[in-house]
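Be aware that the sequence shown starts at 302, since it is given in the numbering used here, and climbs by one per residue.
Cβ coordinates follow ideal geometry from the N, Cα and C atoms, glycine included.
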Amino acid sequence: MSVAERKFMHELVSLLDTTVSVRTTDGRIITGRLVGFEPRTLNICLWNARVEGTETEIPKLFLNGNAIMELWSAERPFDLRGLRDRIARAFGGYEHVKLLEDERVIIVAGRVKVSKDGVEGTGPLAERVRKIYEEFMKEWRAKEAKKKQG
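Here you go:
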């Protein structure tokens, strides 16, 4: 796999579990939560999908990659790299702070797991990471709210 292909797949993986919109070859715009895709064909699965202009919600929708003209993020992706960098600065470097991009988690000292949903772990290390996470989330939410206001 080329570097460009790896980067493309990384960007697509970063959209998993976020809200995306898709323009189909017949002109429909469908918005839903991207929960899976098939890399070879770019077939996708959306949960709680809505077709623009209709009231109907489709609990699970599978779209053939050939029917997709465009796919875009309907929300700003969570800055997991930024959080990793903040944690690494607090711990004096990246030696004990690992970002597992495919799983969208950060592992600190092999014991504490951090994702956009929170911190898993106990003890003083987990508490220190939790404080960093909470401050990061507070700043991130404020930045998002400011962007929405204009």
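DSSP bridge partner residues for residue i (one or two, in chain order)
i	result
R324	I330, E371
N344	E339
S416	G419
K361	W348
Cut-off 8 Å between Cβ atoms - residues of its own chain near residue i, not counting five sequence neighbours on either side
i	result
E402	H311, V314, S315, L381
Coil, strand or helix - residue i by DSSP
i	result
E404	coil
A350	strand
Assumed close pair residue i, residue j - CB separation to whole angstroms, cut-off 8 Å
i	j	result
L335	T319	6 Å
Cut-off 6 Å between Cβ atoms - residues of its own chain near residue i, not counting five sequence neighbours on either side
i	result
L362	L347, A350
E421	K414
I369	V323
V352	R329, I331
Best match in the options for proximity to residue i [C-alpha to C-alpha]
i	options	result
R341	F309, S374, R387	F309
E371	D418, R329, G419	R329
F392	D418, A427, G366	A427
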